[in-house]
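In our numbering, the protein residues as written are -13 to 132.
Note that CB positions come from ideal geometry on N, CA and C, so glycine has one too.
The block underneath contains the structure these notes are about, expressed in structure tokens.
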Amino acid sequence: MERKTSQPRTEQQSHPQIEVAPTSAIQFWLGPLNEGRLENADGLAVVTGPCGDTMEISLRIENDRIIDSRFQVKGCSVSRACASIAASLAKGQELEEAYDIDETTIAGQLKDIPTDHRHCPLLARDTLRKAIENYLKQARGQGQRA
């Protein structure tokens, strides 16, 4: 059945945020990789950014290598996309390599990020690094090699 309206709606009228959000961020938001939480994670961090978005990254680590990573986000599509990218980039990396993943690397996986969302790759970087730090702190406490 065709919907009739008295006035056609433009994309800008119905979804103004789509005009400024990068297409790839929307794609990550609609079909993110590695979404969820690892039960009994080896490393875990939850960080709230200056915008109020909260990001969680959980890691499974064996022999100083990240073998699995997951994320959860309560926030915007760009934060969700950045968390998905950070978790994907970290998977398979040695801890040191994963720790070196920076906001430029994360942002580089997306098309232009709107100016008011430039903090999202930083939030993803910080959350990933804190998850690695969480693992290292626990490993040192248990006398494991870190």
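Practice problem: Spell out a yes or no on whether the segment 43 to 61 and the segment 87 to 94 are touching, meaning 3 or more CB-CB pairs, one atom from each, closer than 8 angstroms. | Solution: Cβ pair count under 8 angstroms is below three, so no.
Self-check item: C-beta contact flag for CYS68 and ALA31 at 8 angstroms
Solution: By 1-based counting over the sequence shown, the position of residue 68 is 82. By 1-based counting over the sequence shown, the position of residue 31 is 45. Their beta carbons are not under 8 angstroms apart, which means CYS68 does not touch ALA31 by this criterion.
Practice problem: Pull up the distance between the alpha-carbon of LEU19 and that of ALA72, whole angstroms please. | Solution: The count along the sequence shown starts at 1 and reaches residue 19 at position 33. The count along the sequence shown starts at 1 and reaches residue 72 at position 86. LEU19 and ALA72: Cα-Cα distance of roughly 10 angstroms.
Practice problem: Find the nearest neighbour of VAL64 within the set ALA27, ALA125, GLY127, CYS106, judged by alpha-carbon distance. | Solution: Against the sequence shown, residue 64 aligns to sequence position 78. Among ALA27, ALA125, GLY127, CYS106, the Cα nearest to that of VAL64 belongs to CYS106.
Quiz item: Helix, strand or coil for GLN(-2) per DSSP?
Solution: Within the sequence shown, the letter at position 12 stands for residue -2. Here the model assigns GLN(-2) a pLDDT of 41, short of 50, so the residue's position is not dependable, and the following value carries that caveat. Correct three-state label for GLN(-2): helix.
Practice problem: Could you round the C-beta distance between ARG23 and ARG56 to whole angstroms and report it? I think they count as a contact, below 8 angstroms. | Solution: Residue mapping note: residue 23 aligns to position 37 of the sequence shown, counting from 1. Residue mapping note: residue 56 aligns to position 70 of the sequence shown, counting from 1. That belief holds up - the Cβ atoms of ARG23 and ARG56 are roughly 6 angstroms apart, short of 8 angstroms.
Quiz prompt | Distance between GLU21 and GLN58 (C-alpha atoms, nearest Å) | solution = Mapped onto the sequence shown, residue 58 falls at position 72. Mapped onto the sequence shown, residue 21 falls at position 35. Taking the straight line joining both Cα atoms gives about 6 angstroms.
Practice problem: State the start and end residues of the unbroken alpha helix (DSSP H) segment that holds GLU82. | Solution: Along the sequence shown, read from residue 1 onward, the residue named residue 82 stands at position 96. GLU82: member of the alpha helix (DSSP H) spanning 81 to 85, first to last residue.
Exercise. Report yes if the CB atom of ILE52 is closer than 8 angstroms to the CB atom of LEU81, and no otherwise.
Key: Your numbering for residue 52 matches position 66 in the sequence shown. Your numbering for residue 81 matches position 95 in the sequence shown. Yes, the Cβ-Cβ distance between ILE52 and LEU81 is below 8 angstroms.
Exercise. For ALA31, name the three-state secondary structure that DSSP assigns.
Key: By 1-based counting over the sequence shown, the position of residue 31 is 45. Strand.
Practice problem: Evaluate GLY38 with the Cβ neighbour count: other Cβ atoms within 10 Å of its Cβ, from every protein chain shown; 16 or more gives buried, anything less gives exposed. | Solution: Here residue 38 refers to the residue found at position 52 of the sequence shown. It counts as exposed.
Quiz item: Do you know offhand how far LYS97's Cα is from GLN128's?
Solution: Locating residue 97 in the sequence shown gives position 111, where the first residue counts as 1. Locating residue 128 in the sequence shown gives position 142, where the first residue counts as 1. Between LYS97 and GLN128, the C-alpha separation is close to 42 angstroms.
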